[in-house]
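First residue of the sequence shown: 12, per the working numbering; consecutive thereafter. Even glycine gets a Cβ: it sits at the ideal position worked out from N, Cα and C. Heads up, the thing below is written out as structure tokens.
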Amino acid sequence: MSNDLTGTVDQRRGRWTKIGLLLAVGLFVAYLDRSNLSIGISGAARDLGFSGSNFAETSSLVLTAFFWGYLVSNLLGGLLTTRMDAKWILVISVAGYSLSTLLIGFTNDVGFLLFLRIAIGVFEGFYWPQQFRLLKEWFVDNEMSRASALIEYYGQYISLALGFFILTPVYAALDWRALFWILGGIGLVVVLPLYAVFLTSRPAAPRFGSLVIRTETTAEKEKLTFQSLGGWSFILVVFSYFANGLLFWGITLFLPQTVAGFKLNPTLSGLLAAVPYLLSIALAIPMIAISDKTGKRGLIAVSGLIVGGILVACLPLAGDPVVKFILISLGLGYFTATYNPNIWAIAVMRLKPHAVGSATGIMNGIGAGAGGIVAGPIMGSLLAATGAYFAGFAVFGLVAIAGGIALAVYVRTTKVVPAGAHLTGAGSSDRER
Numbered sequence: 012m013s014n015d016l017t018g019t020v021d022q023r024r025g026r027w028t029k030i031g032l033l034l035a036v037g038l039f040v041a042y043l044d045r046s047n048l049s050i051g052i053s054g055a056a057r058d059l060g061f062s063g064s065n066f067a068e069t070s071s072l073v074l075t076a077f078f079w080g081y082l083v084s085n086l087l088g089g090l091l092t093t094r095m096d097a098k099w100i101l102v103i104s105v106a107g108y109s110l111s112t113l114l115i116g117f118t119n120d121v122g123f124l125l126f127l128r129i130a131i132g133v134f135e136g137f138y139w140p141q142q143f144r145l146l147k148e149w150f151v152d153n154e155m156s157r158a159s160a161l162i163e164y165y166g167q168y169i170s171l172a173l174g175f176f177i178l179t180p181v182y183a184a185l186d187w188r189a190l191f192w193i194l195g196g197i198g199l200v201v202v203l204p205l206y207a208v209f210l211t212s213r214p215a216a217p218r219f220g221s222l223v224i225r226t227e228t229t230a231e232k233e234k235l236t237f238q239s240l241g242g243w244s245f246i247l248v249v250f251s252y253f254a255n256g257l258l259f260w261g262i263t264l265f266l267p268q269t270v271a272g273f274k275l276n277p278t279l280s281g282l283l284a285a286v287p288y289l290l291s292i293a294l295a296i297p298m299i300a301i302s303d304k305t306g307k308r309g310l311i312a313v314s315g316l317i318v319g320g321i322l323v324a325c326l327p328l329a330g331d332p333v334v335k336f337i338l339i340s341l342g343l344g345y346f347t348a349t350y351n352p353n354i355w356a357i358a359v360m361r362l363k364p365h366a367v368g369s370a371t372g373i374m375n376g377i378g379a380g381a382g383g384i385v386a387g388p389i390m391g392s393l394l395a396a397t398g399a400y401f402a403g404f405a406v407f408g409l410v411a412i413a414g415g416i417a418l419a420v421y422v423r424t425t426k427v428v429p430a431g432a433h434l435t436g437a438g439s440s441d442r443e444r
């Protein structure tokens with residue numbers, strides 16, 4: 012089968028807006044919903060009674076409670092990609108995480124806060140794998156880094172950059188509950204109608220008829236097995252994503268509080284917290300172009316984990332707070348600009364279409380979910396012991412280096428699966444580096 016998209020010109024037209032841009036908008040709001048508590052945690056602690064000596068332990072718990080739901084639903088959401096139209100799973104997900112966000116603004120109980128944070132994780136976990144099934148169906152190989160970046164990267168990092176910059180002053184002016192009322196309302200009033208009306212349904216995808224229907228209706232239906240995920244090599248890419256989740260969420264969840272320790276005005280604090288993500292957005296533009304032009308996605312992604320991990324791991328060696336902030340910004344900025352836009356293209360191109368949804372769900376569930384969960388107790392214990400966040404950041408950096416090594420082995424030992432290979436059993440003899 013040709014690498015070109017099958018289907019009519021009309022089917023191909025508009026996929027960057029009807030698929031890519033719409034999913035980026037949804038992810039933009041979703042990342043604000045999962046990270047806004049990092050900005051308002053001090054106010055929530057004051058009102059819900061866990062400030063003082065209980066702050067380190069309880070704040071780490073409520074910030075990472077999201078990932079317990081996220082882990083489970085990513086796994087289930089991946090399985091649903093072969094059974095339901097991704098559009099309607101996405102619509103239900105947006106409704107669920109937006110309503111849960113809105114309700115947090117009304118809670119007066121830590122237990123209910125934990126429940127709603129887990130609920131947001133559940134609904135956002137169902138959301139995630141649907142993106143990459145659509146990616147596999149709508150885009151060709153030499154578009155994968157750009158499409159993956161638009162769907163997953165830019166929505167995420169623009170959200171964090173603008174979110175920390177805008178929401179920090181909002182929190183200072185209106186307090187923490189307003190963050191949840193505003194963002195939950197945007198999800199329900201803006202994103203939900205956009206998805207329900209404009210998001211293109213799966214059967215319209217150019218590859219839906221040839222890659223999905225034939226797979227699911229033939230007598231010899233392809234089953235999801237450990238081998239179809241890539242066998243033991245799949246564990247390597249899952250571990251690399253776990254290292255990514257630990258480093259990324261370990262810094263992101265606690266960065267606003269780290270910056271707050273500098274005792275700056277709210278606008279400047281928000282700007283500083285946004286710097287690593289603004290740097291990432293700027294670096295990603297040339298890195299994505301290089302990735303798609305050269306095909307060296309694996310090498311570029313590996314460098315992200317290793318270089319970023321080394322910079323962050325050096326934090327305990329830096330005494331000056333300014334130097335520490337520069338290391339965090341450079342480490343997180345380079346790591347996210349090189350690893351995140353490429354890892355999903357790497358994974359999707361090495362998976363048969365019927366395994367994409369489940370595999371990306373497993374990767375994100377175990378990787379980001381478990382990575383975020385583990386980040387909480389590590390940071391909580393080290394914060395209680397040292398009174399600062401930098402020791403925890405350094406531990407996350409060391410794990411990222413190990414994840415980079417695992418990804419390097421994965422790239423060296425797996426092959427790109429051409430579109431339609433599941434119909435012929437063929438695999439590419441060329442390995443993407």
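Between the alpha carbons of G376 and T424 lies a distance of about 23 Å. Going by DSSP, G25 is part of no alpha helix (DSSP H) at all; its letter is neither H nor E. Residue state for V323 is assigned as helix, using DSSP reduced to three classes.
Rounded to the nearest whole angstrom, the CA to CA distance from G414 to G319 is 11 Å. Here K335 has L326, A329, F401 as same chain residues with Cβ atoms under 8 Å from its own Cβ, once five neighbours each way along the sequence are excluded. C-alpha of W27 to C-alpha of A35: approximately 10 Å in a straight line. Distance from the CA atom of A379 to the CA atom of L185, rounded to whole angstroms, is 31 Å. In this structure, G383 lies away from E68, with their beta-carbon atoms at least 8 Å apart. Listed in chain order, the alpha helix (DSSP H) runs fully inside the segment 232-272 are 243-263, 266-271, counting runs of at least 4 residues. Per DSSP, M298 is one residue of the alpha helix (DSSP H) stretching across 277-305.
In this structure, DSSP gives N119 a state outside helix and strand, which the three-state scheme calls coil. Of the other Cβ atoms in all chains shown, 16 or more fall within 10 Å of the Cβ of V313; this residue is therefore buried. Here the alpha carbons of D120 and F61 stand approximately 10 Å from one another. Looking at G344, W243, T305, the one whose alpha-carbon comes closest to that of P287 is G344. The C-beta of T236 has fewer than 16 other C-beta atoms within 10 Å across all chains shown, which makes the residue exposed. As for any alpha helix (DSSP H) of minimum length 4 sitting wholly inside the segment 327-360, the runs are 332-349, 351-360, ordered along the chain. Here D44 carries a helix assignment [DSSP, helix/strand/coil]. Annotation: T425 is outside any alpha helix (DSSP H) and is labelled neither H nor E by DSSP.
Secondary structure of V151 (DSSP, three-state): coil. Non-local C-beta neighbours of V367 in its own chain, meaning closer than 7 Å and more than five positions away in sequence, comprise F143, R144, K147, V359, ordered along the chain. From the listed residues G174, I100, A405, V248, the smallest Cα separation to L282 is found for G174. In the structure shown, Y182 falls within a helical segment according to DSSP collapsed to helix, strand and coil. Judged by DSSP secondary structure, L205 falls within the alpha helix (DSSP H) whose first and last residues are 203-209. I129 places its beta carbon 8 Å or farther from that of F176. Using a C-beta cut-off of 8 Å, the segment 244-257 makes no contact with the segment 123-141, since fewer than three inter-stretch Cβ pairs fall below that distance.
Secondary structure at Y400: coil, using DSSP grouped into helix, strand and coil. A56 and V422 have their C-alpha atoms spaced approximately 44 Å apart. Within the same chain, A285, Y288, L289, I292 come within 7 Å of A172 by CB-CB distance, once the 5 residues on both sides are set aside. The Cβ-Cβ distance between G37 and V133 does not fall below 8 Å. In the DSSP annotation of this structure, the continuous segment of the alpha helix (DSSP H) that includes A189 starts and ends at 187-197.
No Cβ-Cβ contact shorter than 8 Å links L33 with V248. A check of alpha carbon separations from V427 across R361, A183, S251 identifies R361 as the nearest. In the three-state reduction of the DSSP assignment, K98 falls in the helix class, which pools H, G and I. In chain order, F346, T349, Y350 place their CB closer than 6 Å to the CB of G315, counting only its own chain and leaving out the 5 sequence neighbours on each side. Distances from the alpha-carbon of G195 to those of L48, F150, P297, A386 put L48 closest. Annotation for I162: G31, L34, A35, Q142, L146 place their beta carbon closer than 7 Å to its own, counting only its chain and skipping 5 residues before and after.
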